[in-house]
Structures are given as C-alpha cells and as structure tokens.
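Accompanying notes for the structure given below.
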Amino acid sequence: MPETKYRKQEIPDLFYKRLAYTGQLLREYRWGTGMSRLGIEEEFGISRRTIEQIETGRPISMISLYRYASCFGLEPSDVLFRDSEIM
C-alpha cells in the first residue's frame, strides 16, 4: 500500500452518539408529522436511503442533514450537539 501523508483518524465514540441522537430526534419529528419516508422523498426529493442513513445514525453530509431538518422547519443546530441530553 502506498505511503500517504494522511493517517486514518480514529472517530470518538461521542461523535457516533451525537449521530444516533440526531437521527432519533429527526425520526421522532417525522413520526410527529405522520409522514413516511416515501412521502418525504416525493415532497422534498430526499431519497429514502439518505433518510434511513440519517435516522439510523450513520455518518452523512451536512448538506443532507440540512435538507432533511429543513423538511420540518428546523436548522441543523436545532438537533445537533446537545451533549447534556446524550450523556
């Protein structure tokens, strides 16, 4: 394997906890509106796969998070980085 100047960085567990918390919160917003993943896909153009990734806490882009949060009138800052609630 060729040597590169970049090393793979270890991702802290707290990061994954934040993703899981954010996904859970957004899933609850979706359930609260009564919308299905298919409904979100049709109305807002966000694929069901992306929604599933977000709601299950897998790493996603900030653009995807912004688009999905905006479906519910939220900003990413409304659902991110609430460490006091995660711990």
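The sequence shown lines up with residues 20 to 106 when you count with the numbering used here.
For every residue, glycine included, the Cβ atom is placed at its ideal position computed from N, Cα and C.
Asked, Found
"Look at the Cβ atom of residue 73, then the Cβ atom of residue 82, and state whether they are nearer than 9 Å.", "no"
"State buried or exposed for residue 30, treating a residue as buried only when at least 16 other CB atoms are found within 10 Å of its CB.", "exposed"
"Considering Cα atoms alone, identify which of 60, 75 and 59 is closest to residue 119.", "What is shown of the chain runs 20 to 106, which leaves residue 119 out entirely."
"Does the contact criterion of 3 or more C-beta pairs under 8 Å hold for the region 82 to 99 versus the region 39 to 56?", "yes"
"Could you name the residues of the same chain whose beta carbon sits closer than 8 Å to that of residue 95, not counting the 5 residues immediately before and after it, in chain order?", "81, 84, 85 and 88"
"Give every residue of the same chain whose Cβ lies closer than 8 Å to the Cβ of residue 57, excluding the five residues on either side of it in the sequence, and list them in chain order.", "67"
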